[in-house]
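As C-alpha cells, this is what we get:
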C-alpha cells in the first residue's frame, strides 16, 4: 500500500471514501468503549481479593510495635508499611512516610508546603513573583494540573527515549532561579513508556541549578509494573536518591509511589521518600493536617504483599493479564498504520500506556471521531501543560481497562479514525 | 473541711505536708496512666469489629450506582455514603462530600483553599496583610494549630455555657474585615462539653460581618456522641445551615464530621457539608488533589452503620461504656475537691472531655506533678491559641481511653496534684 502522503489526490480521495464507509459501519454498531484512563481491569482487581478480609479480628489489627491500628496516631505510617513501601521506592525505610490512598495528594501537599513555608530553609515560593516548573511532554495531565492550579508557569520539555531532553533541562535550571522543579515519571513513563537512562538520572542529580531549592518530583508510579517476567526484558532505573547524594545534592528529590496499580486504586496506600531533612520537614507539616493515615489499610497491604518478593510475584500476575493487551495494541496499530505513514507510537515494556503521535494537526479530530463512534479516548492535548499540544499530535492510549475483545474493537475504530483524519487533513 | 483559701498558714502547711506524703506514695507506685488524648478505649473499638470483614467478596464492592469501589474515581464520595454522613451532619446528601479518614484534613484543606484561591468570589486570603481567626477558649489544640501554622492571628474568645461569648464575637466580626472566621465545636464541645444554644447559633448565622467571606468552621465532631439514651438528657443543636439560610447568609458555614469516634479513629470516614456553591468550590479544588477517596471504606461504613437509626443504636453502645467513666470523673473530682475551693469543672452530657479549671497559675504545676507521678495529661495551655493560657488554669481531662480502674487511680493522683499545687501557690 502506498503511504498516504505519497498518494495522488484521486487515490487518497478514493481511500477516504472507503474510510468513511468503514467509519459509518463502526458508528452503526453503537459501541460504548473506553481507552481513556489508566485503570486496572476487573480481572486485575480480583487479584487482590484476599486483601479485603485479611484483617477480620481485633487481634490481627496490632502492628509489630504493639500499635492498635484501629485507633488514632502514627502520623508517618507503620514501621512494617515503611519497609514494604521502601521496597517499591528503592530506599531506606527510615526515609519513607506512608500515607493514605493517594500519592497524588502527597505530591500536591509536598508542593503546597514548598509554596506556603519554603523548603530547605529557603523562602516560601508564594513570596516570589514567578515560579516556573519543567514539564516533560508528553506527560501526566494530573501532574500538570496541580502546578497549573498553584499558578506556576509550566514549561514543556521534550521527552526523549531516555527521559527529558537534558540539554534543555540543564539550560533552564542553570539560568533561571524561578525554575523551582520538574515533574518526572522516571520509569515506564506516562504516557511514553520510556525509562530514564542512567545518564539522564545522573544529569538531573548533578546539574547546576540557579534555585538552591530546586526539587525533582519523582513520581515512580510504575516502578515494578513490568510487562515481562525476565529481567532482560525489564527496564532498570538508577535511584535518584543515590544519584543526588553522590552528586552532593541530597535534598534535591522527593520520591513518590503507591500501590494504586498494585492492589486497588481506590483503596491502596501511598508513600513519600526523601532525605532525612526533607522527611523531617514533610512529617512536621503532615502532623498539622492529620492525626494519622488509615493504618489498618497499611497493615492489610503488609499482610497481603509481605515484601519485595511478594510484590514482584503479585506484579507478575498483573503482567500476565496486561501483556496480551499491549501486544494487541502493537499489532493493531502496526497492521493498520504501518503503511499509512505519518504516525508513530510507543511499544513499552511496562506501565499503563501507549503514546501515539498522529500526523500534526490530527489529534483533536481523531479523538472527536472516535468519540462519535462510541470510543472514549483521553482528550487530545491532555498530555501537555494547559491541555495545549502545540502540534495537536499526541494521544494517550490506555489499554488496561477493557477486556481483550473490546480493546480490539476499540483499536479498530481508532485506526480507522486516524486514517480518516489524516486523509481529511491531506486533502485539505 | 475548711476551704484552702480560708485556712490559716499553719493549717494549710499541715495540709500540704500530708499532701506531699500522699503524693510521694503515688509516686512510689510507679504508675503509667494516661488521660491526655480523646481516644476510644479498646472496648469501644471492639464494637466495630464487624466493619473489618464486612466486605470480603468482589461482588460486595459494588456501590448502589454500579461503581466498582475498588477502582479509581468518585471524587466526592459514594451516594450512599453521602446519605449516611448527611444523617450525622444534619444536612441534605446533595450538600455533602465524603472524604478519607480525617475531618481535620478536610478542615485544613478547606482553609488552605480559602487562603490560596479565595472563597465566594472574594480575593484569596494570602493577598491580605493580616488574617484574624476567632478561637473560643478553652478549645481544640489541633484547630488552633492549623490556623497558627497558616500564620493567622488567633483571637481568644471566652467560651460560655451557651457557646462563644457572642457579644465579643459580634463586635470583632462586625468591625474588622480581617476577621475571616471562627472555629466552632458546637455540640459537646472539646473540652467544655457545652452545646451552643439556639440563640448562639442564630447570632452566629445572622451577625453582620465586615468580611463578606467570613466562614464558620463548624466541626460537629460529637454530634451523636451522647452519654445518655433518653432524649431529655441529650443536648440539641440548631442546624447552622438552616440558621444561615434563614438569616440570608447561606455561604457562611462549612460543616465537618467524621466517624472517627463512631467506628475506628484510624480508619473512619470524614465528611464536609455546605451550601451548593461552597460544595461546588470544594469539589473543584478536591478534584485537583486526588482521584478519589477510599470508597471501599465508605462502603464498609454504609453496610455496617446503615442509617441514622443504625448510627444511634451504635452510639448507645459507646454511651454504655463511657457513662461510668464520666460518672467516675465527676465523683472523684467532687469528692476530692468540693471542699478545697478554687476549682471548677464541667459535667457534660456527651463528647469526650471534662474541662477542669484549676486556681489561676496552677495548671502547669498540676500537669507537671501528675507527669512525675506517672499520669500523662494534655499539656497545660493546650486548650488556648499558641498553647498559652493567660490564667494558667485550664486542663483538659480525657477519661475515655483508660479502663475504669486505671481511670480511678489516675483521678486520685490528679486530685492530689491539684490540691498540692494549690496549697503551694497559697503558701507562696
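Residue numbers (my numbering), protein chains in the order written: chain C, 19 to 446; chain R, 19 to 446. Note that the Cβ used here is the ideal one computed from N, Cα and C, for glycine as well.
Query, Result
"Can you say whether residue 428 of chain R is buried or exposed, counting buried as having 16 or more other CB atoms within 10 angstroms of its CB?", "buried"
"Under 7 Å Cβ to Cβ from residue 92 of chain C, same chain only, skipping five residues before and after it: list those, please.", "85, 310 and 313"
"Distance check for residue 241 of chain R and residue 366 of chain R, CA to CA, integer angstroms please.", "13 Å"
"Which first and last residues belong to the beta strand (DSSP E) in which residue 373 of chain C is found?", "372 to 375"
"Are residue 289 of chain C and residue 436 of chain C touching if we call contact CB-CB under 8 Å?", "no"
"Residue 30 of chain C and residue 444 of chain C: beta carbons closer than 8 Å?", "yes"
"Report yes if the CB atom of residue 329 of chain R is closer than 8 Å to the CB atom of residue 245 of chain R, and no otherwise.", "no"
"Look at the Cβ atom of residue 152 of chain C, then the Cβ atom of residue 200 of chain C, and state whether they are nearer than 8 Å.", "yes"
"If you measure from the beta carbon of residue 164 of chain C to each beta carbon in chain R, is any gap under 8 Å?", "yes"
"Kindly list the residues whose CB is nearer than 8 Å to the CB of residue 252 of chain R, restricted to its own chain and excluding five residues on each side of it in sequence; keep chain order.", "244, 246, 367 and 368"
"Within the continuous beta strand (DSSP E) that includes residue 10 of chain C, where are the two ends?", "Within the shown structure, residues of chain C are numbered from 19 to 446, placing residue 10 of chain C beyond reach of any answer."
"Which residues of the segment 267 to 286 of chain R have a Cβ closer than 8 Å to any Cβ of chain C? Give them in chain order.", "278, 282, 283, 284 and 285"
"Leaving out five residues on either side along the sequence, give the residues of the same chain with a beta carbon under 7 Å from the beta carbon of residue 118 of chain C.", "288, 311 and 312"
"Between residue 130 of chain C and chain R, is the shortest Cβ-Cβ distance under 8 Å, so that the two count as touching?", "yes"
"Do residue 157 of chain R and residue 373 of chain R have their beta-carbon atoms positioned less than 8 Å apart in this structure?", "no"
"Tell me whether the beta-carbon of residue 218 of chain R lies closer than 8 Å to the beta-carbon of residue 184 of chain R.", "yes"
"Between residue 250 of chain R and residue 358 of chain R, what straight-line distance do the alpha-carbon atoms span, to the nearest angstrom?", "33 Å"
"Among the residues of its own chain, which have a CB less than 6 Å from the CB of residue 131 of chain R, if the five just before and after it don't count?", "303"
"Whole angstroms are fine: how far does the CA of residue 140 of chain R sit from the CA of residue 198 of chain R?", "11 Å"
"Using the three-state DSSP reduction, which class does residue 334 of chain C fall into: helix, strand or coil?", "helix"
"Going by DSSP, what residue range makes up the beta strand (DSSP E) through residue 177 of chain C?", "171 to 178"
"Note down, one range per segment and in chain order, each alpha helix (DSSP H) of at least 4 residues found wholly within the segment 54 to 99 of chain R.", "60 to 64 and 67 to 70"
"How about residue 71 of chain R and residue 74 of chain C: are their beta carbons less than 8 Å apart?", "yes"
"Would you call residue 161 of chain C buried or exposed, if buried means 16 or more other Cβ atoms sit within 10 Å of its Cβ?", "buried"
"Give the straight-line distance between the Cα atoms of residue 424 of chain R and residue 33 of chain R, rounded to the nearest whole angstrom.", "26 Å"
"First and last residue of the alpha helix (DSSP H) that includes residue 135 of chain C?", "121 to 135"
"In chain order, what residues of the same chain have a beta carbon less than 8 Å from the beta carbon of residue 230 of chain R, not counting five sequence neighbours either side?", "138 and 140"
"Do residue 398 of chain C and residue 418 of chain C have their CB atoms nearer than 8 Å?", "no"
"Roughly how many whole angstroms lie between the Cα atoms of residue 107 of chain C and residue 375 of chain R?", "50 Å"
"Taking Cβ-Cβ distances shorter than 8 Å, what residues in chain C pair up with residue 87 of chain R?", "284 and 285"
"Comparing alpha-carbon positions, which option in C:122, C:377 and C:103 lies nearest residue 22 of chain C?", "C:377"
"State yes or no: is the C-beta of residue 49 of chain C within less than 8 Å of the C-beta of residue 282 of chain C?", "no"
"Could you tell me whether the Cβ of residue 118 of chain R comes closer than 8 Å to any Cβ of chain C?", "yes"
"State yes or no: is the beta carbon of residue 233 of chain R nearer than 8 Å to at least one beta carbon in chain C?", "no"
"Can you tell me which of the three DSSP states residue 153 of chain R falls into?", "strand"
"Once DSSP output is grouped into helix, strand and coil, what is the label at residue 384 of chain C?", "helix"
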